[in-house]
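Remarks on the structure that follows.
Chains as they are written, first to last, in our numbering: chain F, 1 to 182; chain Z, 1001 to 1162.
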């Protein structure tokens, strides 16, 4: 009876210890949350275009206009430090992949009333792919965003293939663009 | 100004009533917004509900709830809207299906097992307290002899020592 009790206690402690170790070692839990939109149609939007791109795209840009083309939709904000890290990577990949038919779209979001700061961000990195403004963050919620930066990869037929949380790296873009253009 | 005094008073009263009615409706709508927002996890400050969080995204989510309520959508439909975008993660109370059932079943099972264990342990304790206390016959004899010597009621102590 006594040995049985001891065994049970040891077992319970081992179980709790294992759970604790798992919790410590599994990394940042937020990064593991998959997008609920994966495999579903990308939510439609029509947003005002940043001044830099009005001549090329008009006053607003909608998802509908880009139908039939694979998309890299990057959500950013002027206050977000990791967005500054990834912007040059995005610009470099845009220059490299522009001719393949893929379209990069930057969405300034969760950044109410900060259009001027957004313009400065675009100027700083000389972003030549279209950037739009989601001033009330409505599109951000529609796309199930947790924070910024987040980047969605949308197939030619408008289905969300994948999402990357945090700044994109060359490795991420290499893999995702290969899948997108397959 | 035209109209008699009672007519003007009546008009004022009607205006006030309309204002109060409008205000009451707005308050009711706001309380429904918060009621739904309380059930949603804030995507930015993940340990807070959308009702408690003050970040921009949570504010926008409350606005979306308000817009959808005004458009006549039900609480269930609004929760489903967020669930489609963020998955079950967005609900502070996990839904009672699939893997989430574990949380609900485990909580119930823990109560049942706990109550069962308490009952068993309680019965064991009570049973143990009812068992006669083992006493050395020599000691018993000595106490009896001492008690007899005290010239007290001979029946009472024996009942206790049996």
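For glycine and all other residues, C-beta sits at the position ideal for the given N, C-alpha and C.
All of these numbers come straight from a predicted model, not from anything done at the bench.
Next on the checklist: According to DSSP, is residue 150 of chain F part of a helix, a strand, or is it coil?
Outcome noted: Translated into positions along the first chain, residue 150 of chain F becomes position 150. Note: residue 150 of chain F maps to strand in three-state DSSP.
Next on the checklist: I'd like the list of long-range same chain contacts for residue 40 of chain F, defined as Cβ closer than 8 Å, with 5 residues on each side in sequence excluded.
Outcome noted: Position 40 of the first chain, counted from the first residue, corresponds to residue 40 of chain F. Once the five neighbours on either side are set aside, the close Cβ partners of residue 40 of chain F are 159 and 160.
Item to check | Distance between beta carbons of residue 1056 of chain Z and residue 137 of chain F, contact taken as under 8 Å | outcome: Taking the first residue of the first chain as 1, we reach residue 137 of chain F at position 137. Taking the first residue of the second chain as 1, we reach residue 1056 of chain Z at position 56. Indeed, because the Cβ distance is near 6 Å, the residues count as touching under 8 Å.
Next on the checklist: Among F/177, F/151 and F/171, whose alpha-carbon lies nearest the alpha-carbon of residue 37 of chain F?
Outcome noted: Within the first chain, the letter at position 37 stands for residue 37 of chain F. Closest option to residue 37 of chain F, Cα to Cα, is F/151.
Checklist entry - For residue 1029 of chain Z, which residues of its own chain have a beta-carbon under 8 Å away from its beta-carbon, when the five flanking residues on both sides are left out? => result For this step, residue 1029 of chain Z is matched to residue 29 along the second chain. Close CB contacts of residue 1029 of chain Z within its chain, under the 8 Å cut and outside five residues either way in sequence, are with 1066, 1069 and 1070 (chain order).
Checklist entry - Given that a residue counts as buried once 16 or more other Cβ atoms are within 10 Å of its Cβ, and exposed if not, what is residue 1021 of chain Z? => result Taking the second chain and counting its residues from 1, one reaches residue 1021 of chain Z at position 21. If you draw a 10 Å sphere on the C-beta of residue 1021 of chain Z, you find fewer than 16 other C-beta atoms in it, and that means exposed.
Checklist entry - For a contact meaning CB atoms closer than 7 Å, what does residue 110 of chain F contact in chain Z? => result Indexing the first chain from 1 puts residue 110 of chain F at position 110. Simply 1056 and 1057.
Item to check | Pick from F/26, F/35 and F/6 that is closest to residue 144 of chain F, judged by C-alpha positions | outcome: On the first chain, position 144 is the one that residue 144 of chain F refers to. When each option's Cα is compared against that of residue 144 of chain F, the closest is F/35.
Next on the checklist: Does residue 1135 of chain Z pass the burial test, meaning 16 or more other C-beta atoms within 10 Å, or should it be called exposed?
Outcome noted: Counting from one through the second chain, the residue named residue 1135 of chain Z turns up at place 135. So residue 1135 of chain Z counts as exposed.
Checklist entry - Closest by CA to residue 99 of chain F, which one among F/164, F/106, F/69 and F/11? => result Indexing the first chain from 1 puts residue 99 of chain F at position 99. If we check each option's Cα against that of residue 99 of chain F, F/69 comes out closest.
Next on the checklist: Could you tell me the alpha carbon to alpha carbon distance between residue 1159 of chain Z and residue 1123 of chain Z, rounded to whole angstroms?
Outcome noted: By one-based count along the second chain, residue 1159 of chain Z stands at place 159. By one-based count along the second chain, residue 1123 of chain Z stands at place 123. Unreliable positioning characterises residue 1159 of chain Z in this predicted model, as indicated by a pLDDT of 48, which lies under 50. The coordinate reading is nonetheless provided below. Those two C-alpha atoms are separated by around 25 Å.
Checklist entry - In angstroms, rounded to a whole number, what distance separates the CA positions of residue 1131 of chain Z and residue 1125 of chain Z? => result If you number the second chain from 1, residue 1131 of chain Z lands on position 131. If you number the second chain from 1, residue 1125 of chain Z lands on position 125. So the two alpha carbons sit approximately 10 Å from each other.
Checklist entry - Counting along the chain, where does the beta strand (DSSP E) carrying residue 88 of chain F start and finish? => result As a working note, residue 88 of chain F is residue 88 in the first chain. Looking at the DSSP string, residue 88 of chain F is not in any beta strand (DSSP E); the run it does join, the alpha helix (DSSP H), is 81-97.
Next on the checklist: In chain order, what are the residue ranges of uninterrupted alpha helix (DSSP H) at least 4 long that sit wholly in the stretch 118-179 of chain F?
Outcome noted: 138-142
Checklist entry - Cα separation between residue 24 of chain F and residue 61 of chain F? => result To locate residue 24 of chain F, count along the first chain from 1; it is residue 24. To locate residue 61 of chain F, count along the first chain from 1; it is residue 61. If you take the alpha carbons of residue 24 of chain F and residue 61 of chain F, they lie about 44 Å apart.
Checklist entry - Under 8 Å between the Cβ atoms of residue 102 of chain F and residue 181 of chain F? => result In the first chain, residue 102 of chain F corresponds to position 102, counting from 1. In the first chain, residue 181 of chain F corresponds to position 181, counting from 1. Yes.
Checklist entry - Taking only beta-carbon atoms, is residue 1135 of chain Z less than 8 Å away from chain F? => result Position 135 of the second chain, counted from the start, is the residue given in the question as residue 1135 of chain Z. The beta-carbon of residue 1135 of chain Z is placed no less than 8 Å from the nearest beta-carbon of chain F.
Checklist entry - By a C-beta neighbour count over all protein chains shown, 10 Å radius and 16 as the cutoff for buried, is residue 1162 of chain Z buried or exposed? => result Here residue 1162 of chain Z is taken as the residue at index 162 of the second chain, counted from 1. Because the pLDDT at residue 1162 of chain Z is just 45, under 50, the model does not fix this residue reliably, and the point stays unresolved.
Item to check | Terminal residues of the beta strand (DSSP E) in which residue 1082 of chain Z lies | outcome: For this step, residue 1082 of chain Z is matched to residue 82 along the second chain. Segment 1075-1086 is the alpha helix (DSSP H) holding residue 1082 of chain Z; no beta strand (DSSP E) there.
Next on the checklist: Does the contact criterion of 3 or more C-beta pairs under 8 Å hold for the stretch 42-50 of chain F versus the stretch 121-133 of chain F?
Outcome noted: yes
Checklist entry - Given 8 Å as the limit, is there contact between the stretch 161-179 of chain F and the stretch 1092-1100 of chain Z, that is, 3 or more CB pairs closer than that? => result no
Item to check | Burial state of residue 1006 of chain Z (16 or more Cβ within 10 Å) | outcome: Working through the second chain from its first residue, we reach residue 1006 of chain Z at position 6. A residue is called buried once 16 or more other Cβ atoms fall within 10 Å of its Cβ, and residue 1006 of chain Z, having fewer, is exposed.
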